[in-house]
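**Student:** Below you will find the structure I want to go over with you.
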Amino acid sequence: MRSNLAIKTQGLTKQFGQTLAVNKLDLEIEAGQFYGLLGPNGAGKSTTIHMLTTMTAATSGDAWIADQLVADDPVAIRRTVGLVFQDSALDRTMTIDENLQFAAAMYNLSPSEADSRIDELMSVFKLEKKRHQKLVALSGGQRRAVDIARGVLHKPKVLFLDEPTIGLDLPNRRSIWRFVDQLRRDEGMTVFLTTHYLEEAAACDHVDFIQEGSLQIGGAPSELVKQLAEYVLEIDTLEPENITAQLTPLFGAPIQEEQQLSFKIAASDVDFFELQKTLGDVVSSMQWRRPNLNDVYLWTICSPELGEAT
Ligand code: ADP
Numbered sequence: 007m008r009s010n011l012a013i014k015t016q017g018l019t020k021q022f023g024q025t026l027a028v029n030k031l032d033l034e035i036e037a038g039q040f041y042g043l044l045g046p047n048g049a050g051k052s053t054t055i056h057m058l059t060t061m062t063a064a065t066s067g068d069a070w071i072a073d074q075l076v077a078d079d080p081v082a083i084r085r086t087v088g089l090v091f092q093d094s095a096l097d098r099t100m101t102i103d104e105n106l107q108f109a110a111a112m113y114n115l116s117p118s119e120a121d122s123r124i125d126e127l128m129s130v131f132k133l134e135k136k137r138h139q140k141l142v143a144l145s146g147g148q149r150r151a152v153d154i155a156r157g158v159l160h161k162p163k164v165l166f167l168d169e170p171t172i173g174l175d176l177p178n179r180r181s182i183w184r185f186v187d188q189l190r191r192d193e194g195m196t197v198f199l200t201t202h203y204l205e206e207a208a209a210c211d212h213v214d215f216i217q218e219g220s221l222q223i224g225g226a227p228s229e230l231v232k233q234l235a236e237y238v239l240e241i242d243t244l245e246p247e248n249i250t251a252q253l254t255p256l257f258g259a260p261i262q263e264e265q266q267l268s269f270k271i272a273a274s275d276v277d278f279f280e281l282q283k284t285l286g287d288v289v290s291s292m293q294w295r296r297p298n299l300n301d302v303y304l305w306t307i308c309s310p311e312l313g314e315a316t
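Residue numbers (the working numbering): 7 to 316.
As structure tokens, this is what we get:
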């Protein structure tokens, strides 16, 4: 029976020698979703993408893309997915048009299909005037846009973006996201994202945090933020152990990053004036603010209950 799932995995596992890179991953991602898999370096994000896109075989477990079992027909899967990796697949000595024509031939698009698709994508990515320029002459943001154009040339059902904006400045990152949004709107593509910039993942419909190959928590970013805490109290201090000892009984254990402590609080928990008086001079600054996805990440990955920061 056909499901509405773009991606499904059941117990998907990858072992490299002694390293358990991905551990019994169970995912269900609906068609059309903007999905984010988040976690520190070495957590298993790229290995997951590699298994889903037939670049590496799973040690055990199963994966389906648009209801096709990945292990059954790798060639069909490669036609169903688009891939954009951190390392560009483009030849910088060739023009945009040459690069995309070359990729189109690999997808068996006819010359006229290729031409009209490249036209369309040049317009989405605002590269019409650059089509016959060599990649060396483009900015980093424009080259990334061409990478994505190459990834979606064959109108994949699922687009995998592995750290797509790494190394780009903020304006370029923003425009890459505008392009991806437009592709999602126009073509109903499912997008599977990994990123270090968690503010970008806030736009996802659903994110999962992964650590040491295992899923930790997942949900809609706004829900995860809401569930974390009402507020975060940040204290800069030269005596973090002292402050931790004083405040842990009140608010629970904090996250410590060098000389900054973060506590989860409800606004009603705290009389800031009193707190400042009690803690005295060892506090160099104190502020409270609403949490965000970065806080969810920190509390998941560096949670005091888990022991230590990675
Ligand atoms: P992430 O993408 O989250 O940074 P990876 O999926 O690249 O993490 O890596 C997960 C774990 O698997 C890491 O411990 C990494 O060193 C290991 N790993 C990844 N690829 C290989 C490989 N080809 N051979 C051996 N170990 C690997």
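Here a beta-carbon is modelled for each residue, glycine too, at the ideal position from N, C-alpha and C. A quick note: this is a predicted structure, and the numbers were derived from the prediction, not measured.
Does the Cβ of asparagine 47 lie closer than 8 Å to at least one heavy atom of ligand 1?
**Tutor:** Against the sequence shown, residue 47 aligns to sequence position 41. Because some heavy atom of ligand 1 lies under 8 Å away, the Cβ of asparagine 47 counts as near it: yes.
**Student:** Just to confirm my understanding: we take threonine 306, look at its own chain, exclude 5 residues before and 5 after, and list those with CB closer than 8 Å. What are they?
**Tutor:** What you label residue 306 is simply residue 300 of the sequence shown in a count that begins at 1. Cβ within range, chain order: Phe215, Gln217, Gln222 and Ile223.
**Student:** Would you give the residue range spanned by the alpha helix (DSSP H) that glutamine 92 belongs to?
**Tutor:** Translated into positions along the sequence shown, residue 92 becomes position 86. Premise fails: glutamine 92 is in no alpha helix (DSSP H) and is neither H nor E.
**Student:** Compute the Euclidean distance between the alpha carbons of aspartate 211 and glutamate 36, then round it to the nearest angstrom.
**Tutor:** On the sequence shown, position 205 is the one that residue 211 refers to. On the sequence shown, position 30 is the one that residue 36 refers to. When rounded, the distance between both Cα atoms is 10 Å.
**Student:** Between the stretch 225-245 and the stretch 60-78, do at least 3 Cβ pairs fall closer than 8 Å?
**Tutor:** no
**Student:** Threonine 54: beta carbon under 8 Å from a heavy atom of ligand 2?
**Tutor:** With respect to small molecules bound, the structure shown includes ligand 1 and not ligand 2.
**Student:** Please specify which runs of the beta strand (DSSP E), each continuous and at least 3 residues long, are wholly inside the stretch 44-111, giving them in chain order.
**Tutor:** Counting only runs of 3 or more, we get 66-71 and 87-90.
**Student:** Identify the continuous beta strand (DSSP E) that holds glutamine 266 and give its terminal residues.
**Tutor:** To locate residue 266, count along the sequence shown from 1; it is residue 260. Looking at the DSSP string, the run of the beta strand (DSSP E) that includes glutamine 266 is 266-271.
**Student:** If you reduce the DSSP assignment to three classes, tell me which class aspartate 211 lands in.
**Tutor:** Along the sequence shown, read from residue 1 onward, the residue named residue 211 stands at position 205. Three-state DSSP puts aspartate 211 in coil, outside helix and strand.
**Student:** Looking at the secondary structure, which residues open and close the alpha helix (DSSP H) in which alanine 155 lies?
**Tutor:** One-based indexing of the sequence shown puts residue 155 at position 149. From DSSP, the alpha helix (DSSP H) with alanine 155 extends over 146-158.
**Student:** For a test of the three-state rule: what should DSSP assign to valine 238, helix, strand or coil?
**Tutor:** Reading the sequence shown from its first residue, position 232 is the one you call residue 238. The answer is strand: DSSP assigns valine 238 an E or B state.
**Student:** For isoleucine 13, write down the residues that DSSP places opposite it in a beta bridge.
**Tutor:** As a first step, residue 13 is located in the sequence shown; it is residue number 7 there, counting from the start. In the DSSP output, where bridge partners are listed per residue, isoleucine 13 has Ile35 and Ile71.
**Student:** How is the alpha helix (DSSP H) around serine 181 delimited, first residue to last?
**Tutor:** Here residue 181 refers to the residue found at position 175 when the sequence shown is read from its first residue. From DSSP, the alpha helix (DSSP H) with serine 181 extends over 176-193.
**Student:** Between which two residues does the alpha helix (DSSP H) holding threonine 200 run?
**Tutor:** As a position in the sequence shown, residue 200 is number 194, starting the count at 1. Not the alpha helix (DSSP H): threonine 200 falls in the beta strand (DSSP E), residues 196-200.
**Student:** Could you give the uninterrupted runs of the beta strand (DSSP E) lying entirely in the stretch 270-312, keeping only those of 3 residues or more?
**Tutor:** 289-295
**Student:** For a test of your reading of the model: does the CB of alanine 120 fall under 8 Å from any non-hydrogen atom of ligand 1? Yes or no.
**Tutor:** Translated into the one-based positions of the sequence shown, residue 120 becomes position 114. It does not: the Cβ of alanine 120 is nowhere closer than 8 Å to a heavy atom of ligand 1.
**Student:** Pull up the distance between the alpha-carbon of threonine 316 and that of valine 289, whole angstroms please.
**Tutor:** Walking along the sequence shown from the start, residue 316 turns up at place 310. Walking along the sequence shown from the start, residue 289 turns up at place 283. Reliability fails at threonine 316, whose pLDDT of 39 lies under 50, so the model's placement of it is uncertain and the value that follows must be treated cautiously. Using only the alpha carbons, I get a separation of about 26 Å.
**Student:** Would you say the beta carbon of threonine 19 comes nearer than 8 Å to a heavy atom of ligand 1?
**Tutor:** Taking the sequence shown and counting its residues from 1, the one referred to as residue 19 is at position 13. Every heavy atom of ligand 1 is 8 Å or more from the Cβ of threonine 19, so no.
**Student:** Leucine 221 lies in the beta strand (DSSP E); which residues open and close that run?
**Tutor:** The residue you call residue 221 lines up with position 215 of the sequence shown. 220-225 is the span of the beta strand (DSSP E), which, as asked, contains leucine 221.
**Student:** When you compare only the Cα positions, how much space is there between phenylalanine 257 and aspartate 103?
**Tutor:** Along the sequence shown, one-based indexing puts residue 257 at 251. Along the sequence shown, one-based indexing puts residue 103 at 97. For phenylalanine 257 and aspartate 103, the distance between alpha carbons rounds to 58 Å.
**Student:** Which class does histidine 257 belong to by DSSP, given the choice of helix, strand or coil?
**Tutor:** Position 251 of the sequence shown, counted from the start, is the residue given in the question as residue 257. Here residue 257 turns out to be phenylalanine, not histidine, going by the sequence shown. Looking at phenylalanine 257 - three-state DSSP - the assignment turns out to be helix.
**Student:** With which residues is aspartate 121 paired in a DSSP beta bridge?
**Tutor:** Mapped onto the sequence shown, residue 121 falls at position 115. Beta-bridge pairing links aspartate 121 to no other residue.
**Student:** Answer yes if the stretch 13-33 comes into contact with the stretch 122-139, meaning at least three C-beta pairs across the two stretches below 8 Å, and no otherwise.
**Tutor:** no
**Student:** Check each candidate in Glu206, Ala109 and Ile154 and name the one with the smallest Cα separation from valine 90.
**Tutor:** Looking up residue 90 in the sequence shown gives position 84. Minimum Cα distance to valine 90 is reached at Ile154.
**Student:** At a cut of 8 Å, does the stretch 78-94 reach the stretch 37-49 through at least three beta carbon pairs?
**Tutor:** Cβ pair count under 8 Å is below three, so no.
**Student:** Mind checking whether leucine 159 and alanine 95 have CB atoms under 9 Å apart?
**Tutor:** Mapped onto the sequence shown, residue 159 falls at position 153. Mapped onto the sequence shown, residue 95 falls at position 89. No, the pair does not count as a contact, with Cβ atoms beyond the cut-off.
**Student:** Taking 8 Å as the cut-off, is the beta-carbon of lysine 14 closer than that to any non-hydrogen atom of ligand 1?
**Tutor:** Reading the sequence shown from its first residue, position 8 is the one you call residue 14. No; taking the cut-off as 8 Å, the Cβ of lysine 14 has no heavy atom of ligand 1 nearer than that.
**Student:** How many Å lie between glutamine 282 and glutamate 245 at the Cα?
**Tutor:** In the sequence shown, the residue the question calls residue 282 occupies position 276. In the sequence shown, the residue the question calls residue 245 occupies position 239. Distance between the alpha carbons of glutamine 282 and glutamate 245: 14 Å.
**Student:** Under 8 Å from any heavy atom of ligand 1, does the C-beta of lysine 270 make it?
**Tutor:** Walking along the sequence shown from the start, residue 270 turns up at place 264. No, since every heavy atom of ligand 1 falls outside the 8 Å radius drawn around the Cβ of lysine 270.
**Student:** What do you reckon, is the C-beta of alanine 27 under 8 Å from a heavy atom of ligand 1?
**Tutor:** Taking the first residue of the sequence shown as 1, we reach residue 27 at position 21. Yes, since a heavy atom of ligand 1 falls inside the 8 Å radius drawn around the Cβ of alanine 27.
**Student:** If distances are taken between C-alpha atoms only, which option among Val302, Thr284 and Leu106 comes closest to histidine 138?
**Tutor:** What you label residue 138 is simply residue 132 of the sequence shown in a count that begins at 1. For histidine 138, the nearest C-alpha among the options comes from Leu106.
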